[in-house]
Structure formats: structure tokens, C-alpha cells
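Colleague: For reference, each letter of the sequence shown is one residue, going -2 to 830 in the working numbering.
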Amino acid sequence: MPEDRLQKYQSLIEDLKLDLGDPAFDRIFKQRTADLSKPDQFLLKMEMSRLSQPVARFIDLRGQVAGQVKPYEYEGKQHFMDDLAIEVFEREVAKHGGYTLAVYESVMSTDNNYKVMQKQAQAREEEVEKDAVNHNYTKLVRFASYESRSEERMNYSIKITVELAKNRPKVSATTSDISLSGAKIKLPTNQQVDPGQIISIRLVGLEQDFELGLKEGIQYEVVAVEPGTIEYNQVRLKRTFIEKNQGFDDFLNSFIHGNKRRYKINLDNTLDAVVCKGYEQYYLPRVCSLFVFISEKQKQLYPSMVLTNENNAYINYYFEDERKQSSLYSVFNQKRMQRLLTLCGAVKEAVCHVFTHSSQGKMYFYSAFDFELEEMQQLNDLFFAFGSQKDSWRTFKVQLMPSHHEDAFIPLSLPASAGKNVEKLNKRPTPRVQGFIQDVKYLMLLTDIGNPSITERFQRLSYEQSLVNQLKKFGHGKSATPPPLEVVALEYVNLRAHRRYLYKTNVVVHIDGQGTFNCITRDFSVMGLQIECGQEMPLNKGDSIHLDLVDLQKLTKQHNLTNLRYEVMMVNKTKTIINLKVQKIGQLDHSAMGFFKALIESNKDKLVACDEAPKVPGLSLALRNMVTKSVCQFPLYLHKETSHNAVGAIGQGLYPTSLHHLLHSFSDNDDNTLDAKAIFPERFVEEKLTEILKAKSRQDKPLKYLVFIKFNPNQTNQHEAVGAQVIAHDESIDSLYLYAKKALRNDLLFVYQLYVSKTGRPDMDYLANELRYVSHYAIHKAKDLEEALWSVTGVCDLIDVTDYVIRNMGFDAPLVTKMEEQKKRWLETNFKH
């Protein structure tokens, strides 16, 4: 049918409509349709003739557009149009030389027309449904991939001529968007251009109405060529500014600023930034790896700062000795750091086993890297057998990569013209912050990957007691003046439902079977307390206790403040500071809640809130940005769907993991999506994780699993090539021995430690500036973005523990080595490192 054939050339028709009314239209038409068949040329010519016909149609937009409609007279006839429609009408009439069908259709197709908006929304929904039916693809979020723009881009289509080289005929084309320093143009596919090529452009569409003073055109450099349609490629350009024409620059700036409401600002860059930042702000507070920043002074490397969150702070506490001094400097000393840097790969990876030994009231650390134990085989079993008996036994994955203080500054992805605050908010780190970060050379991640099954294997090893002294070579001494370690808490949205207030008062703690203890409160809220005790308390997270608020009881007869039931939420390392939460019985009110609520209401002016101001303002953000620029793990996001959770997005940082590479090998050249379904057993996320997360709160510790993934690189279908099994952290790995052994013989085997954390609400303050900018021009897009972020229910992190796990499952060493060599060849053949 003719309509179907016309639909195929819709993009060409839109371009030809720009030239309707031009005296040279016939020549332009022949040039643009030269490659088409005669019947198709005829069909397009008839369509142009139809659009050129004068009409006398009455335009009545009352109730059809979002704008304010008013009477408008043209050639003695009264129409009813809003301001946008009038602008379009007058512009199109001037272009076409009268009121034609093309003018009418343009007026009836403005962006604020309800029918147009409905069709666009329906098309979006159909596309989403189509994707959901036909694909298992998951959105890929590239961390820190957004860029800052110093100016706005405007979606604006005008006629241009392009000179690809001197003494070559000029080529007719159109712009898609334009800014002061760049443009995107639609260039016919039969015109070849390459990145780096210098071209010249005449803005003939503007020159018809304005004196630009650019007879030689504007010089641009080709940045990239993106496939568009059969007829056109999208070519991204940047100006060379060789013209040095300030008058034209001022004109273009004012033209874009004055017409951005009319032609729409291109929001692609800002939308990408909001998506990236939105997922980043969920991930970093839930990471279970401790971020350790390694500085260099006088050619000596040492840990200078750690960035902590709720999930990783315990690792920092673990390395503190009896003096509350960190021992990171002695475990990760200069000699070891130099050795780590000799390892292969952009990210240096190793496994470090640690335990502590107490003597005469002092705590001493002992540690060994996997590569050290391989070189001292005679001490291998002794170290594992003795160390694993200790309660302090830990196994850490160590990942070391370059880090630069320049990465501490990530500007907003907004143009300077977006508002007065942009320049203020885009300030680089202060001199004080710069003083902390300027010597940073590396970022080290420490992840607790110890597995109970493997620890039990170590504990079954035998050793001779007389040889234990040989382990002294793995011990670390104490420095009288250890290098200072700055502990920086990651700043993000305060997810507490109730504000806390500083207040000291006596409290009596009753612990069943343990007795009574006198303590004091440090702070309180309606829902909880933090108390400090003068001795170590026999308490653990989850315990229930009873309190008497003896002094506060004297202030009230209305509330009973004795025998109050509380649940222990957190205990510090020395067990002297306890966080408590009210423990209600059924629907009964907790009498302390009513008392503290009334106390706060009556004394708001007197009470001091716990604002927890940062020690060094801006340092947390700087370190956060540096981490974001160097992500080397596999972030994964669970989204809430109708009745269950599903994998909604995958994060990828500067250093992709082997799992990223595996999924990319099946991505069909689409860099924006990955199919993550095969890396978990069927319905694991939708059913098992959904049910478990329902019963969890944001404050709970992350869930831990081991994921065994087998991959046959000879298969071309992902779901035939990839299979997975999952066991919980406390399950025996022996249950997957046969599965792993078969994979070692026939496939490539990957083992990942999976952490699953329930999320709280998104930190919208972190995104506020970009969202406000998007809302100004496209409020529906801003709402869609907010809804997508609010749908995130869980954050996962996958850490590669293949080497640690399979080397401690009892397999023959040659079998493991053969598989590792095959995996290495596959990665080197298919991906650049």
C-alpha cells in the first residue's frame, strides 16, 4: 500500500518538508531521491504536492492542547490556537508562502497536543512491553560515564550545506541538535566521513533570516559517526573555533537561550547522568569491601585513609589493636605493596589470610598472602592449621588499582546556563581536602571472603606444636608512632525515621542470666537509645534486654519507665557502646516511645540534635568520587515488579570483571544491555530472594551466597552455554563438589561471592540539581527517573573468589590449572585487558 511505502521514507519526508517553498525545491528533491526507484520517487513527489496544496481549514485547538487557547485571525478567518501553535503557524506560513496542508499538519502536531502526547506515551508503552516479551535484557549502567557540558544543546533541525573537502561539491544535510561548540547532523549515508576529519558547514536555514557574517562557513571536526537510518547517518561534530567570530558566538548563544522552550533542550546527557548517579548512590553505601587509599611519601607506600559504610566498617575495626590503632600499615607494608604491584592485570588481585594472637594484654597480627605461602610450602599447612583455630581467623580478597586525586572532582552534568548555583556547586575540592588526597596513588579493596566450609577444612589439618614458633615470620610488630589513618564515613541520605538527640542520663540494664549493669545514655530518639557502659557487656546483636530509666522516671508519672524492653541493634568492638531499638509486644505501645515523643516536643529549643557533621567537610565526597571512577566489581540491582523482584540493572566500572566479559560475549553488539538471567538458577531471584528480602530491613547484614557459574565457550546460545548453582554462605560447599568437578573437566568455571543488601529510599538530594533541570524541560521524564530509582529494592555485589574456592575443594591441581589456562586464553582472545 502507498501508506506503507511512505512510512518507510518518513525520515526523508520530514527533511524534504523543510525545503518546501524553496524556489530550488525540484532540484533538491531530485538530489535527495536520486537513489530511489521511479515509483517511489513518484510517490514522494505526490506527497510533497499534497502537502503544498493551499487549504482553508478552520483550526480549533480548544480542549486539544495543554496551552491557553485564544482567538487568532488570518486572512479574515478566525482560528483558535495557543501560543505554541501560533508560533508554528506563522513560521510555517512564512516558509511555505501561505496556508498549506503542511502548515496545518505542523500546527496539529505540536508537542503539547493531547493526541500527540497520547500516541507518544502509547508508543513508549508498546516498546517496553515488546522488550519485556522478546528479551531478558538488563540495563547496563556504566559508572562515572557521564560528562559535564559547559553549554546547552538544543534539538533544532535546519537546512545546512556541508563541504567535506576543498573543491568538492557541497552536500545538503540537516542538523539534529546544535550548541555553541558542537552539533549533530544528519548526513546522507553515501557521504563518507571519519573521526578527526575537518569539514565546513553553512547554516543556510539561519542565513535566510539572519546576517551571520560567515561566508566561508563554520569549521568543525568530526567526533563520531553513528548509524541512523538507511538514508542518513548521525554525525557528531565539535567546533574548531578557527573563525574567532565573537559576534556569531554571541548570536548563537542568545538564539539557543531564547528558543530553548520552543525547540526543546537536548537532555540526553543529563538523563544519562541522573541514571548513573542514581544507581551509584545505591551501590556505594551497600558495598561490603573496605576502601583503603594508599598514599606515597618519600617513595614509601602506606594506607592513609579508609572510606567506611555500614557494611564494611567492621573490616576497619578488625584491624585495630588494643590501642585502637590500625594495623593496616604493618599488614600491607612497603614490601608487600611492591610485590602486589608486580602481579599481572590492571587490577592486582591476591588473597590474604589473617589472624591475631594476644600476649600480655597486647594484640599482634599475623598474615600471609597466597603467593607467599606458595613460596614456603613447608609452612603452608602449619599456617592454615594453627591460624584457622583462632576466632580471629579471616580471609580477605585484596584488589589494588591506580587512583588519582584528579578523580575527586566530578562536576555536575549541567551547562553553566542552567542556573546560578551550577558554578558554585561545581567547585573543586578545597585546599584542606586536597591536602588529604594529593599523595594518593592507589585504591585497595579488602573483602572478607572467608567461607565456613573451607575454614573447617583448614582446621582438620594437623601440625606439630613444636613448629609453631616458625610462624613468627608472618607476625607484625608494633610501631610506637604508626602513620595516621584517617577514617572517613561515607556521607549519604540519613535513613533514620526519627532524629536523635544528645542526652546523658543514668540507665540500669537488666540482662537475663547475667545480672544488672549501671550505664549512661549517649543519645536517644523516639525509637531507640545509644548507651555507654563502663565494662564489657555480654551482649550481641539481636539480644533482648530490659532498662530502667531511673532519673527520667522522676520527671514523669504519666509514663512507666521501668522494665522497658529493647533489642540490641549494634555492639561496638569493645562491647561498651550499645545501640538499642524499642521492642514492642504485638500492637501494644511502648511506654518509652510516648515519653520521648513528649520530651522532644516540649524541649525542641533545648535539645541538641546529633547532626554528625563531618570532620573534614568535602573529604567523603572526594573519596566517593575517586572510588566511583575505579569500580572493579560486579554491581547488580534488584527491582520491584508486580509480585516479585527481578534483576533490573547491572553496573560496570572502569575495570570489568570476567563475568562482565562473559555476558558481553552474548550481547549482540548492544553495549547498553546484558542478559543476566543465566548467571543464577531459574527463579532464584524471583522467588527465593524475593521471599527472604521481604522479611529483612535495611539495617540487616547483607545476605551471603556462593554462585558457581559454568560456561561452555563453544556454545553460541547463552542459555545453553551458561549454567549456575547457588548455595548460602553457611551451607557446605561439598554439595556442589560434583557440579564443580564436571565444570572443571568440560567447561570454564567461575565462582562468585554474592552479597545482597536491602535498600532504603534513594538519596534524591544527591540527584536534586540534575533532576530539577530535567523537570524544567520534561517533567514526565524526571518522574519516570524517580519512579525507576524508587523501584530498586536490593543491591547486590559479586566478588570473584574462583581461585580461593576451587583450590580448597580438594580437586587435583592439574585439573584446576588446565581450566585456569583455558579461561585465561579465552579472556585474552576475546577481550582486551
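Idealized CB from N, CA, C, for every residue including glycine. Keep in mind that this is a model prediction, so the values were computed, not measured.
1. Using DSSP's beta-bridge definition, name the partner residues of Gln856.
2. What's the call for His777, buried or exposed, on a 16-neighbour Cβ count within 10 Å?
3. How close, in whole Å, do the beta carbons of Ile647 and Leu137 come, if the pair is a contact with beta carbons under 8 Å?
4. The alpha helix (DSSP H) spanning Gln819 covers which residue range?
5. I need the straight-line Cα distance from Glu679 to Ile198, nearest angstrom please.
6. Within 8 Å, do at least three Cβ pairs link the segment 387 to 399 to the segment 473 to 483?
7. Taking a contact to mean a Cβ-Cβ separation below 7 Å, would you say Lys580 touches Arg562 in this structure?
8. Exposed or buried, Met718, counting other C-beta atoms within 10 Å across all chains shown (16 or more means buried)?
9. Using 8 Å as the threshold, is the segment 476 to 488 in touch with the segment 460 to 468, meaning 3 or more CB pairs across them?
10. Between which two residues does the alpha helix (DSSP H) carrying Val85 extend?
11. Short of 7 Å in beta carbon distance, which residues of its chain neighbour Asp602, apart from the five on each side in sequence? Order them along the chain.
12. Are Pro192 and Ala170 closer than 7 Å when you measure CB to CB?
13. For His354, write down the residues that DSSP places opposite it in a beta bridge.
14. Quick check on Phe677: buried or exposed, where buried means 16 or more other Cβ atoms within 10 Å of its Cβ?
15. Can you look up Leu526 in the DSSP assignment and give me helix, strand or coil?
16. Return the residue from the list Gln435, Gly179, Gly358, Phe362 that minimises the CA-CA distance to Ser292.
17. Tell me which residue opens and which closes the beta strand (DSSP E) that Pro224 is part of.
18. What does DSSP give as the partner residue(s) for Gln580 in the beta ladder?
19. Going along the chain, which residues of its own chain have a beta-carbon closer than 6 Å to the beta-carbon of Gly214, five neighbours each way excluded?
20. Would you decide whether Asn743 is buried or exposed? Buried here means 16 or more other CB atoms lie within 10 Å of its CB.
21. Using 10 angstroms around the beta-carbon of His716, count the other beta-carbons present and answer buried if the total reaches 16, otherwise exposed.
22. Would you check if the distance between the CB atom of Ala365 and the CB atom of Phe383 is smaller than 7 Å?
23. How would you label Met623, buried or exposed, when you count the other beta carbons within 10 angstroms and need 16 or more for buried?
24. Taking 7 Å as the threshold (C-beta atoms), are Val485 and Met302 in contact?
25. Counting Cβ pairs closer than 8 Å, one from the segment 70 to 82 and one from the segment 50 to 59, do we hit at least three?
26. So, helix, strand or coil for Asp697, using DSSP?
27. Return the chain-ordered list of same chain residues with a C-beta closer than 8 Å to the C-beta of Asn880, the five sequence neighbours on each side being excluded.
28. Here's a check: name, in chain order, each residue in its chain whose Cβ is nearer than 8 Å to the Cβ of Tyr652, leaving out the five neighbours to either side.
29. Just grab the DSSP bridge partners of Ala839 for me.
30. Measuring CB to CB, does Asp908 end up less than 7 Å from Asn503?
31. DSSP three-state label for Asp797, please.
32. Check Pro838 in the structure and name its three-state DSSP category.
33. Name, in chain order, the residues that DSSP records as bridge partners for Leu733.
34. Does the count of Cβ pairs from the segment 349 to 359 and the segment 593 to 602 closer than 8 Å reach three?
35. Hey, could you find the ends of the alpha helix (DSSP H) Gly179 is sitting in?
36. Tell me which same chain residues have a C-beta within less than 7 Å of the C-beta of Arg695, skipping the five on either side of it?
Modeller: Considering the structure as presented:
1. A question about residue 856 goes unanswered here, because the residues of the chain that appear run from -2 up to 830.
2. Of the residues assessed, His777 falls on the exposed side of the cut-off, its CB having fewer than 16 other CB atoms within 10 angstroms.
3. 5 Å between Cβ atoms; contact.
4. From DSSP, the alpha helix (DSSP H) with Gln819 extends over 810 to 827.
5. Roughly 55 Å between the two C-alpha positions.
6. Output reads no: the segment 387 to 399 does not touch the segment 473 to 483.
7. Rather than Lys, the amino acid found at residue 580 in this sequence is Gln. Yes; because the gap between Cβ atoms is below 7 Å, this pair is in contact.
8. Strictly speaking, residue 718 in this sequence is Ala, with Met absent from that position. Ala718 should be labelled buried.
9. The way I'd put it, the segment 476 to 488 doesn't touch the segment 460 to 468; fewer than three beta-carbon pairs between them come closer than 8 Å.
10. Element bounds for Val85: 80 to 93.
11. Excluding residues within five positions, none has a Cβ falling inside 7 Å.
12. No, Cβ-Cβ distance for Pro192 and Ala170 is not below 7 Å.
13. In DSSP, His354 forms a bridge with Tyr361.
14. So Phe677 counts as buried.
15. Three-state DSSP puts Leu526 in a strand.
16. Answer by Cα proximity: Gln435.
17. Note, Pro224: beta strand (DSSP E), 215 to 224.
18. As computed with DSSP, Gln580 is found in no beta bridge at all.
19. Contacts found: Ser197, Ile198, Arg199.
20. Exposed, since its Cβ has fewer than 16 Cβ neighbours within 10 Å.
21. The residue is exposed, with fewer than 16 neighbouring Cβ atoms inside 10 Å.
22. Going by C-beta atoms, Ala365 is not nearer than 7 Å to Phe383.
23. The residue is buried, with at least 16 neighbouring Cβ atoms inside 10 Å.
24. Contact flag set, yes.
25. A contact between stretches requires three or more CB pairs, one per stretch, nearer than 8 Å, and the segment 70 to 82 meets this requirement with the segment 50 to 59.
26. Asp697 carries a coil assignment under DSSP once its states are collapsed to helix, strand and coil.
27. Because the chain here runs from -2 to 830, residue 880 falls outside it and cannot be looked at.
28. Correct list, in chain order: Ala343, Val344, Met398, Ser627, Val628, Cys629.
29. Because the chain is modelled from -2 through 830, residue 839 falls outside the range shown and cannot be assessed.
30. A query on residue 908 cannot be resolved here, the shown segment of the chain reaching from -2 to 830 and no further.
31. In the structure shown, Asp797 sits in a strand (DSSP, three-state: E or B).
32. The structure shown does not extend to residue 838, since the chain spans only -2 to 830, so no value can be given for it.
33. Note: Leu733 sits in no beta bridge, so no partner.
34. With the cut-off at 8 Å, the segment 349 to 359 and the segment 593 to 602 do not touch.
35. For Gly179, there is no enclosing alpha helix (DSSP H); the enclosing beta strand (DSSP E) covers residues 179 to 185.
36. Leu492, Lys755, Thr756, Gly757.
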